[in-house]
Every structure is written in C-alpha cells, then in structure tokens.
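In what follows, a structure is listed as structure tokens, so that the remarks can point back to it.
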Amino acid sequence: MGKEWGELSPDEKQEALFQRWLSPKDPGGNDLKFQSPEAEKSYKERITRIKDAIQLKKRPDRVPVLPLPSMFPALYSGLTVEEAMYDYDKCSTAFRKFVLDFEPDGHMGSAQFGPGKFFETLDYKLYAWPGHGVSAEHSYQCNEGEYMKEDEYDALIQDPSGFFSNVYLPRVFGALEPLQMLPFLPGILEIYGVAFNFIPYGLPPVQAALKALMDAGQEALKWAGAVGGIEGELATLGFPQILAGFTKAPFDTIGDTLRGTKGIMLDIYRQPDKLLEAMEALTPLMIKMAVGAAQMNGKPIVFIPLHKGADGFLSDEQFKTFYWPTLRKVMMGLIEEGCVPFPAAEGGYNSRLEVIKDLPKGKTLWMFDQTDMARAKKILGNTACLLGNMPLDLLSVGTPQQVKDYAKQLIKTAGEGGGFILANGAFFDGIRAENLKAMMEAGREFGVYG
Amino acid sequence: MSKKLVNAIADMREAEALKLVNEMVEGGSDPLAILGAAREAMGIVGHRYEEGTYFLPELILAGVMLNEIAEMVKPQMAKAAEVKRHGKVLIGTVEGDIHDIGKDIVVFMLDVNGFEVLDLGIDVPPGKFVEAIKDFKPQVVGLSGFLTLAFDSMKDTVEAIKKAGQRDKVKIMIGGGQISEEIRKHTGADAYGKDAMVGVSLAKEWVGAK
Numbered sequence: 001m002g003k004e005w006g007e008l009s010p011d012e013k014q015e016a017l018f019q020r021w022l023s024p025k026d027p028g029g030n031d032l033k034f035q036s037p038e039a040e041k042s043y044k045e046r047i048t049r050i051k052d053a054i055q056l057k058k059r060p061d062r063v064p065v066l067p068l069p070s071m072f073p074a075l076y077s078g079l080t081v082e083e084a085m086y087d088y089d090k091c092s093t094a095f096r097k098f099v100l101d102f103e104p105d106g107h108m109g110s111a112q113f114g115p116g117k118f119f120e121t122l123d124y125k126l127y128a129w130p131g132h133g134v135s136a137e138h139s140y141q142c143n144e145g146e147y148m149k150e151d152e153y154d155a156l157i158q159d160p161s162g163f164f165s166n167v168y169l170p171r172v173f174g175a176l177e178p179l180q181m182l183p184f185l186p187g188i189l190e191i192y193g194v195a196f197n198f199i200p201y202g203l204p205p206v207q208a209a210l211k212a213l214m215d216a217g218q219e220a221l222k223w224a225g226a227v228g229g230i231e232g233e234l235a236t237l238g239f240p241q242i243l244a245g246f247t248k249a250p251f252d253t254i255g256d257t258l259r260g261t262k263g264i265m266l267d268i269y270r271q272p273d274k275l276l277e278a279m280e281a282l283t284p285l286m287i288k289m290a291v292g293a294a295q296m297n298g299k300p301i302v303f304i305p306l307h308k309g310a311d312g313f314l315s316d317e318q319f320k321t322f323y324w325p326t327l328r329k330v331m332m333g334l335i336e337e338g339c340v341p342f343p344a345a346e347g348g349y350n351s352r353l354e355v356i357k358d359l360p361k362g363k364t365l366w367m368f369d370q371t372d373m374a375r376a377k378k379i380l381g382n383t384a385c386l387l388g389n390m391p392l393d394l395l396s397v398g399t400p401q402q403v404k405d406y407a408k409q410l411i412k413t414a415g416e417g418g419g420f421i422l423a424n425g426a427f428f429d430g431i432r433a434e435n436l437k438a439m440m441e442a443g444r445e446f447g448v449y450g
Numbered sequence: 001m002s003k004k005l006v007n008a009i010a011d012m013r014e015a016e017a018l019k020l021v022n023e024m025v026e027g028g029s030d031p032l033a034i035l036g037a038a039r040e041a042m043g044i045v046g047h048r049y050e051e052g053t054y055f056l057p058e059l060i061l062a063g064v065m066l067n068e069i070a071e072m073v074k075p076q077m078a079k080a081a082e083v084k085r086h087g088k089v090l091i092g093t094v095e096g097d098i099h100d101i102g103k104d105i106v107v108f109m110l111d112v113n114g115f116e117v118l119d120l121g122i123d124v125p126p127g128k129f130v131e132a133i134k135d136f137k138p139q140v141v142g143l144s145g146f147l148t149l150a151f152d153s154m155k156d157t158v159e160a161i162k163k164a165g166q167r168d169k170v171k172i173m174i175g176g177g178q179i180s181e182e183i184r185k186h187t188g189a190d191a192y193g194k195d196a197m198v199g200v201s202l203a204k205e206w207v208g209a210k
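Note that the protein sequences, when read in sequence, are chains A and B.
Heads up: the first sequence runs through residues 1 to 450, numbered per our numbering.
Heads up: the second sequence runs through residues 1 to 210, numbered per our numbering.
And the structure:
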C-alpha cells in the first residue's frame, strides 16, 4: 500500500529518500547490520542532524560538522596520492582512519582518489595524474582544451549520446580513438544490409578498443567494490556517506571539459544561440544523471561542483543569461524528484546571491567558499541551508586557535537558527591535521543549539 | 577609420573589427597605425575590466582579436613595432600546478599597461625562475598557483631566489585561487594580488611608474 513514486509530491519524495538513507540496506538488499546499538544510534542522529539543517523546519541538536577532503585522507596516513590511486586496500584503510579519527557527521566517500590503473587502461588524456604528468604526491589536474570543436554544437544538440560515443569520448580516452568508426545506430533498421553496420566491430583497431573497455570495466568493478566496501563498513560503524551522486550546471558541462574555458567564453560572443540551445538540450540529461543515482543509492543529496559562474568569471548579465537559467532548471528537476541539490560554489558568489535565492525553501544545500557568509545568511538563510566556509589558508598554514576563532564567529552568524553545516570552503589536500581537529572541536563546543 | 576600429574592438564587435582591418590593410594603411588602434582598444578593455564592466569573456575575446589583427598586419610589417616599456615582469605558474588562465589574464593586463612580460608558462620549477631572473633581469616576479600544493611550491621558489642571492633584486608577488595574506606570509613573498588589477598596481608601484 502507499502511493506510487510518481504520485508523491516533491516534499514526500524528499522525505522518502531521507528515510531510505536512514534505513540502509546491505548489498544483499537486507537491512544493514550495525556493529553496535551505539553505532546505529549515531548513524541515525548524524543523518537527522543534516536533514534538519537542510529542511529548515526545525533546528538540529547542534551544527553538523563535515570535513570534506579531496586527497587529505591519503596524506594523513603518510600515503602519496599515487599509492592511494593504485592500491585500493591502502586507500580504504587510510580513509577509514580519517573518518574514525575525525568523527565527522558524514563523509563523501573515497571515490575522489580514482583507480589509476583504469585511467591508464583507457589512456585518459583529459587529465594528468600521479605518475602521468603530475608528481606522486599531488592531485590530478585537468588538461584544458577544445575537445569539442566550435562547429560541433549541432552534432551535440541533435544526438548527444552519439556525439559522446563516436566523437567526444574517442578524443579524451586514447584507447577509445577507434570508436570513431562505430556505426550510426539509428540506421540499424531492417534486415536489408543490416550486417554492413557491424563491419567496424570486425576491424582490429575497434576490437582493441572494445577489449580495452572490457579490461577497464573489470578494473572499475574492482575499484567500486573497494569504495563501496569502505562506505558500507563505515555505515555499520555509524558514519553516513552523504552523496547519492553528482551532476553539473550545463554551462560547466560544456565549458569545463567539452569546449574548454577559452572556447565557451568565445562562444558567448560568436554563437550565443547555439550555446543556449545546447545547454537546454543537456538539461534533461543532467537531471537524469542525478535522479537515477539517487534512486539507485537511496539517498537525496546530489553534488553539483560549480565552476565558471563564480565572481569575476561572468558579468551579472552573462550569469543571468547563460549560467543560471539551466542550472536552476537542473536544480528544480532534482527537487521535483525529491533530491537535494548540493551546489559547491567554488570561489566567490557574492555577486550571485540575489540571483540564486530564487529557489524553494528547505530543498537545497549551498557550499560556499570565498562568499561573505553573513551576507549569504541574510539573503539565502530563509530558503537554503548553508555549508562552509572554513578557509583553506587557515587550515593549511594557520593555527588551531585561529581555526577555532573563525569557526566560533561563523557558527554565530551563519548558524543562527539552524540551516547551517560547518565545513571547509573548498576541498583540501595537504592541510595541518591539528587544524582540522580544531574545526571538529569547534563545531561541538560552539555549535550546540540552546 | 582608426577611431571606428578602436571602438569596434573595445566593444567586442569582432566581425566588424576584422572587416575594418581588412579594408585598412587593402587600402594601404600604415600597419603600425592599425596595431596602435588595437593597443588603444586593449587599454579600454583593460580599463573596463578594472572598473568591473568587463569580465573573462571580454578579456579572452580581446586577446583573440589582438592575435587575429596582428596576423593580418604581419605581412605588411617592415620591422617590429617599438613600444616603450616601463618595467619587466617575470611570471609563471609554480611547480606542480598547470593552471594558467588567471596567469594569462595578469600577463595580458601587465602587457596592456606597458610592462614587458616574460611568461615561463606552467609547472615551473624554482630553478627555472632563478635562471630567468639572471637572464631577463625583471624588477618584478609574479608567482601564480591555483592548488593548495602551490603554497609550498611558492615558498620553495622564494627560497631558491633567496639562495641564489637575487631576493633583494626583485619584488615578488603571488596570486591564485586560495592565496591570501596568510599564504603570503608563509611563502615569504612581498605581496599578494586578489586579482589582475591588484597585480598591475603592485607592479606599477614597484617600478615607480604612475
């Protein structure tokens, strides 16, 4: 009994996804067995704390604290990033130690390290990573470029999957270059001549690419097992993983890794209509990506890293014309299906606050970095939950006392009345552990609501 | 005609600007006059960026237009244009970091403001900065870095400059995503720039220009 998913309101869907998160299942589909009653209690308390902060219906018992690292867990255990990328067990062990030592109210899992062998198998040209263009100790970096050419907008708009399969992915994965030869699938229509379509699959280069895909898939399975395994184990110990999945603002989808920064900035002037049309075409795909993940993983929060809409990148007019409309559509699409969009506004969003407040109450979680948190609270505090913004310079080269002072003030302004999660403002690699500890302590010391 | 060209470029009307340049080249205009107009337009673009009406798209398009125009007049050029420069700036993204867009904007703004800039590119080891200081003899060194790993690379670069006995010969400014006064102190640099405009005024201050 009970309503079908399609009959539920967005509120009910959000509640349903939170409830699924609160009652996790093991890989066999049975109720997850916690390692102790305390662990189960802590697990549910932590999620409830986060849920209350997000929904803005009541204050949580205290401000949730989320240390959200990039490569830090590896460095904290004395591993290089390279080791964490190539030895999944070492990576999981290091991640477990990070969570158990810092006792966060939630974590984002260990997927950020990625499987080095997988990237090698497919020859991932889009990025440099330890051992492949970057030193062992450092994080991966993106090799910016125009991987989608200026005259390929129509191809992307008319057939995104075909464009990705036959044009774009062969450019960014060296091992998949031969897939440019794959057949045009919508031409496979009837028995007459059908076999001609399949000739590419008989060609040695294409077969090599398919073999690489199979090897890569096996490695991906192995890695996913490790990532899922540590996530499950940490849940049984009382620590929830907060993310269902991720998606992107259509402007960033095109501007980050398709057209590149230079490409998309020129497109704003040279072909604005095509750019707008392409972003509209991508919008339902960006929504689908996230909603599917939320359903599969049984939790509501969907991460959206925001890049090119930050202060200084675009004028107010350009932000309102090119960046915001499709981002808002994606966020609303997520909200309609009960997801909680979690955009991370890297850089500053001080000039964007008045624009982004146009969203329903209690449905979004905004991570802020160099944005004025007092102003953000004033403008967005009635509609959105704020997360952040412990600065990286303090965490990296500051003192524990500086961190605590900052946290105390931040909790006072941004934490007023609830709707706030204490966290770092941007994702961190090498910071001082004692500073992170100080942030955790500050949350517990100053974040309890009267 | 020159005035029309200046405005077309400064107002981001690329097609019109290129059409005008084409007409001027075919009409036998002095290539230096064309480049002069382009440079004047760049000055306006830089000014509009400073006052907050132009942003990244305009800087990028301006740079592209300048290159296109330079290519169009190059065949007509008898000799390289002599432009008076009032200072030299050495700049690069520090070791381990391959981000360059911010650095490129600073380079553009410095160039537009009359500096001679040597851009060492990305992932530049400390030793390369030291070598370039010896050869290029800049008054100002700019270190760019976007990732937090750059904090230590910047510190190492400043150390290397000190060890090479060059520290008192140059002023060092740093900039990038997470750079702040805290980081400046950590690295031993003289100043940090929150954005390209601050970088330009620091450079101007240090070479004594107005």
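In this text, a Cβ means the ideal position worked out from N, Cα and C, and glycines have one as well.
For Lys13 of chain A, the enclosing alpha helix (DSSP H) starts and ends at 10 to 22. Here Lys361 of chain A is exposed: its Cβ has fewer than 16 other Cβ atoms, across all protein chains shown, within 10 Å. The Cβ of Glu68 of chain B sits no closer than 7 Å to any Cβ of chain A. Among the bridge pairs identified by DSSP, Met390 of chain A is matched with A:Asn424.
Counting along the chain, Glu116 of chain B sits inside the beta strand (DSSP E) bounded by residues 116 to 119. For Asp26 of chain A, not one C-beta of chain B is nearer than 7 Å to its own C-beta. DSSP places Arg432 of chain A in the coil class of the three-state scheme, outside both helix and strand. Beta-bridge partners of Leu306 of chain A (DSSP): A:Ala345. Distance from the CA of Phe246 of chain A to the CA of Leu327 of chain A, rounded to the nearest whole angstrom, comes to 13 Å. For the segment 379 to 412 of chain A, residues whose beta-carbon sits nearer than 8 Å to a beta-carbon of chain B comprise Pro391, Leu392, Asp393, Leu394, Ser396, Val397, Gly398. Taking the Cα positions, Gln402 of chain A is about 44 Å away from Leu282 of chain A. Straight-line measurement puts the Cα of His307 of chain A at about 21 Å from the Cα of Leu156 of chain A. Using beta-carbon distances, Thr148 of chain B counts as an interface residue toward chain A, with a partner under 7 Å.
Here Arg259 of chain A really is in contact with Glu146 of chain A; their C-beta atoms are around 6 Å apart, less than 8 Å. Per DSSP, reduced to three states, the secondary structure at Gly175 of chain B is strand. Secondary structure within the segment 177 to 243 of chain A: not one fully enclosed beta strand (DSSP E) run of 3 or more consecutive residues is present. Under the three-state reduction of DSSP output, Ala128 of chain A falls in the strand class. Taking 7 Å as the CB threshold, Pro126 of chain B stays off the interface with chain A. The beta strand (DSSP E) runs lying completely inside the segment 138 to 194 of chain B and spanning 3 residues or more are 140 to 144, 171 to 175, 191 to 193, given in chain order.
The straight-line gap separating the alpha-carbon atoms of Pro31 of chain B and Lys377 of chain A is approximately 55 Å. Straight across, the Cα-Cα distance linking Ile105 of chain B with Leu59 of chain B is about 7 Å. By the neighbour-count definition (other C-beta atoms within 10 Å, threshold 16), Cys339 of chain A is a buried residue.
Lys103 of chain B and Gly312 of chain A have their alpha carbons spaced roughly 14 Å apart. Under the DSSP assignment, Phe163 of chain A falls in the alpha helix (DSSP H) whose first and last residues are 160 to 163. If only uninterrupted beta strand (DSSP E) runs of at least 3 residues are considered, those enclosed by the segment 250 to 325 of chain A are 301 to 306.
A Cβ-Cβ separation of about 4 Å places Trp223 of chain A in contact with Pro115 of chain A under the 8 Å criterion. The beta-bridge partner set that DSSP reports for Leu365 of chain A consists of A:Cys385. No residue range can be given for Gly28 of chain B, since it is assigned to no alpha helix (DSSP H) and is classified by DSSP as neither H nor E.
Distance from the CA atom of Lys320 of chain A to the CA atom of Leu8 of chain A, rounded to whole angstroms, is 32 Å.
In the same chain as Pro10 of chain A, and ignoring 5 residues on each side of it, the C-beta atoms closer than 7 Å to its own belong to Ile335, Glu336, Gly338, in chain order. For His107 of chain A, no chain B residue has a Cβ inside 9 Å of its Cβ, as the nearest lies near 20 Å away.
Residues of chain A with a Cβ closer than 7 Å to the Cβ of Met12 of chain B are, in chain order, Tyr269. In the assembly as shown, Thr53 of chain B is an exposed residue. Its beta-carbon has fewer than 16 other beta-carbons within 10 Å.
Straight-line measurement puts the Cα of Gly133 of chain A at about 31 Å from the Cα of Lys171 of chain B. With the criterion set as a beta carbon lying under 9 Å from some beta carbon of chain B, the members of the segment 126 to 141 of chain A are Ala128, Gly133, Val134, Ser135, Glu137, His138, Ser139, Gln141, in sequence order. Contact between Leu202 of chain B and Ala191 of chain B holds: CB atoms are separated by about 5 Å, below the 8 Å threshold.
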